[in-house]
Structures are given as C-alpha cells and as structure tokens.
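Take a look at the structure below.
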Amino acid sequence: MVNRPYASAFEKFAAGNPDILCLSADLTSSCEIDGFRDRHPDQFVSLGMAEQNMMSFAGGLGLAGFRPFIHTFGVFMYRRPYDQLMASIAYPRRKVRLMGFLPGVTTPGGMTHQSIEDISVMRSIPNMTILETGDATEVESICEAADSIDGPVWCRVLRGSVPRLFDTPIRVGEMRELADGDDILVVTSGICTEEALRARSALKKAGLSIRHLHLHTIKPFDHGALLDHIGSVRHGVITLENHVTEGGVGSLVAETMADAGVGKRLVRLGLRDTYAHGGSRAYLMRYYGLDALALVRGIEDLVGQSFGIGEDDLDAARVDAVHSLVKAEAL
Numbered sequence: 001m002v003n004r005p006y007a008s009a010f011e012k013f014a015a016g017n018p019d020i021l022c023l024s025a026d027l028t029s030s031c032e033i034d035g036f037r038d039r040h041p042d043q044f045v046s047l048g049m050a051e052q053n054m055m056s057f058a059g060g061l062g063l064a065g066f067r068p069f070i071h072t073f074g075v076f077m078y079r080r081p082y083d084q085l086m087a088s089i090a091y092p093r094r095k096v097r098l099m100g101f102l103p104g105v106t107t108p109g110g111m112t113h114q115s116i117e118d119i120s121v122m123r124s125i126p127n128m129t130i131l132e133t134g135d136a137t138e139v140e141s142i143c144e145a146a147d148s149i150d151g152p153v154w155c156r157v158l159r160g161s162v163p164r165l166f167d168t169p170i171r172v173g174e175m176r177e178l179a180d181g182d183d184i185l186v187v188t189s190g191i192c193t194e195e196a197l198r199a200r201s202a203l204k205k206a207g208l209s210i211r212h213l214h215l216h217t218i219k220p221f222d223h224g225a226l227l228d229h230i231g232s233v234r235h236g237v238i239t240l241e242n243h244v245t246e247g248g249v250g251s252l253v254a255e256t257m258a259d260a261g262v263g264k265r266l267v268r269l270g271l272r273d274t275y276a277h278g279g280s281r282a283y284l285m286r287y288y289g290l291d292a293l294a295l296v297r298g299i300e301d302l303v304g305q306s307f308g309i310g311e312d313d314l315d316a317a318r319v320d321a322v323h324s325l326v327k328a329e330a331l
C-alpha cells in the first residue's frame, strides 16, 4: 500500500515548471495538494466553490499558454459546470488536465459525491481524453500521462491509501494484459481490477482459463487490440467497472463488438441504472455487484455453469478504514 501517492507525484511533476498551475475548488487537502500549496504558492490558485468560474478561468489560462491542473471531486467538475467545460475547455481543445477524485463508489458520500456517470459524459465530448487510475503506479504516472496530450484530459484519480498492482507507468492508448487465458475475456478498470485479481486463483482452480485486460485509457481506445483479444477466447466477454453500465467500459466493449459483427456473448457488470447510497467501499461494491464475487457470478452466467465458488474461496479483500489519517475527511 502507498499512502497519498498523488500528493508526492504531482509535486514532483509540477514543481518548478512555471507553465503548470495547480487549481483548487476549495478541496485542497481533500485532493492531496495542500503540501504543494504550502511549498509552491506561486503555482497555486484557489478558486473556491465556484466550479463554473474555474472552468472558464482554466480555459483562459490554456489560451495564454499555461497548462492548468484542476483539482476537485469528480462530480463537481462536470455536473455543475458542464456548459463551461464544453465551451471553454473541450471545444477550443485547451490543455487543461481535469483531476477528478472520488470516482464511483470510492466514497460513502452518496449521490452528491459519487461520480458514477462521468465516463458516459466524457466519452461523448469531442476532443476529450479519458484516463483512469487503478493502482499507486498509475496514480504516480497520471500527471505525466495527462500532460502528454494536446487537449483536455479527464482523469479518475484514486487518493488516500492505494495498492500497488503494476510496475510500469500509464502508456496512453494502450491496455494492460494481466492474464492470457483462452476461455473468457475479463475487462476491468479502476478499483474493479483489484477485485478481478482476487478471483483469479479460485477461477483457475475451477478449471477456467481467464484472459484479463486492465484499461487505464478509455479514450482514445485501441479497438483492434480488443478485437484480437476477443478472438482469442472461446466463451465470450465480461466487463466490470466502477460506473453505471450505460456509456462506460461495458458500452465501449459492446460498441466495439457490434461494429465488428462479433457474435460472442457479453456480460456487463456495474451500477445498473441506479444511484448508490452511502456506505463503505467494500459494502457498496458487494451490494451493487462490483466485487470479485459478482464477477464470479457473472462468469457463471456467461458459461451457463455453477462453479461453487464462495467468498471463502477468493483472495482476501482489502478493507479501507472510513476514517483515516491519509484522507482529509470521511468521504
């Protein structure tokens, strides 16, 4: 586990680069940039709880040659200021890096704080790149990856205590192949990849050969690579995402398969046309079917066979404390 990886990664990347400005919408410590504010005040701008103004301000900074990194909870960066995001940032293709914290059910804050449909929205916006972090290594490399793009970038960022699953940084446009089996293709992103890894050994013992892809780049997307992987498995595809099933990774895979005329079955797991209520991450993932056991049940549905796998057969779950010194509040 790595504590507050974004805090050190952003400071290392941005400090001393006068073209990079750190913008905050009154959630400075909650987005792990309080240390940067204190040590690099000339590169820090606090815009308060005025996200619509922040988007237009960032667009102006981009026009002037700066590369602003906007920090707030994801929900506050697209629901309230959607018009400004479109007109001031996406349409003119400004180099604005939108660092959205608390993706999906990573917060017990309920509907007002859970960013559950942001990928659906961002995928539909022209000029927008979408990146999602799934471990500490990806959090540590998200700034450099985002800043390599000539245009706006939407980032789903994990905070607090984050596991390290990978040893290589994000390479924009690529996907990670975590297993190369030939029965079923599992496609995951964000925190759901850790859950899929929990099920790997139990599925192997059940005799299933799993091919597993982790997506950190959702847009642009390598459709050809995905189709090659789909063609390498016998039974079909299952997706698992920390997002609604409409418009996210599941839809991305479905569109790819439909466009290519692929006749294999697809099972999409995620939030099913519902808001999530408040609760711990582990509870919410179990309740809404986003965890390792839900993946197992989805695979059973896909192949039409029960494997008798229960919670005790899965690798141990990692349970985050709701109250922690590595988070600024219990959100």
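Yeah, the sequence shown ends on 331 if you go by full-length UniProt numbering, and it's all consecutive. Don't be surprised by glycine CBs; every beta carbon is placed ideally from N, CA and C. Note that the structure is predicted; figures quoted are calculated from it, not measured.
Its chain contains Ala-25, Leu-27 as the residues whose beta carbon lies nearer than 6 Å to that of Thr-72, once the 5 sequence neighbours on both sides are disregarded; these appear in chain order.
A buried status is given to Ser-141, since no fewer than 16 other beta-carbon atoms sit within 10 Å of its beta-carbon.
Ala-206 and Ile-238 have their C-alpha atoms some 17 Å from each other.
The three-state secondary structure of Gly-224, taken from DSSP, is helix. Nearest in C-alpha terms to Arg-159, of all of Arg-318, Ala-317, Asn-3, Ala-316, is Asn-3. His-212 places its beta carbon less than 8 Å from that of Leu-178. If only complete runs of 4 or more residues are kept, the stretch 109-186 shows the alpha helix (DSSP H) at 118-123, 136-147, in order along the chain.
The Cβ neighbour count for Glu-132, taken over all protein chains shown within 10 Å, is at least 16; the residue is labelled buried. Sorting Gln-84, Leu-197, Cys-155 by C-alpha distance to the C-alpha of Pro-163 places Leu-197 at the top. Here DSSP, grouped into helix, strand and coil, assigns Thr-28 to coil. Between Glu-311 and Leu-295, the C-beta gap is not smaller than 8 Å, which leaves the two residues out of contact. The beta-carbon separation of Val-105 and Arg-281, rounded to 6 Å, stays under the 8 Å limit for a contact.
Cβ atoms of Cys-155 and Leu-98 come within 8 Å of each other, at about 6 Å. Between His-243 and Ile-116, the C-beta spacing is below 8 Å. With fewer than 16 other Cβ atoms from the protein chains shown falling within 10 Å of its own Cβ, Gln-305 counts as exposed.
Burial check for Tyr-275: the Cβ neighbour count within 10 Å stays below 16, so the residue is exposed. Residue pairing for Val-296: DSSP places it in no beta bridge.
Judged by their CB atoms, Ala-260 and Leu-284 are not nearer to each other than the 8 Å cut-off.
With a contact defined as Cβ atoms closer than 8 Å, Leu-185 and Val-233 qualify at about 5 Å. For Ser-56, the secondary structure class from DSSP, reduced to helix, strand or coil, is helix. Gly-263 counts as exposed, since fewer than 16 other beta carbons sit within 10 angstroms of its beta carbon. In the structure shown, Lys-264 falls within a coil segment according to DSSP collapsed to helix, strand and coil. When only Cα atoms are considered, Ser-189 and His-235 end up about 21 Å apart. Unbroken beta strand (DSSP E) runs of no fewer than 3 residues, entirely contained in the stretch 78-104, are found at 97-101, following chain order. Counting only residues of its own chain and dropping the five nearest sequence neighbours on each side, Thr-193 has a CB closer than 6 Å to the CB of Gly-134, His-214.
By alpha-carbon distance to Gly-16, the top candidate from Phe-36, Gly-248, Ala-7 is Phe-36.
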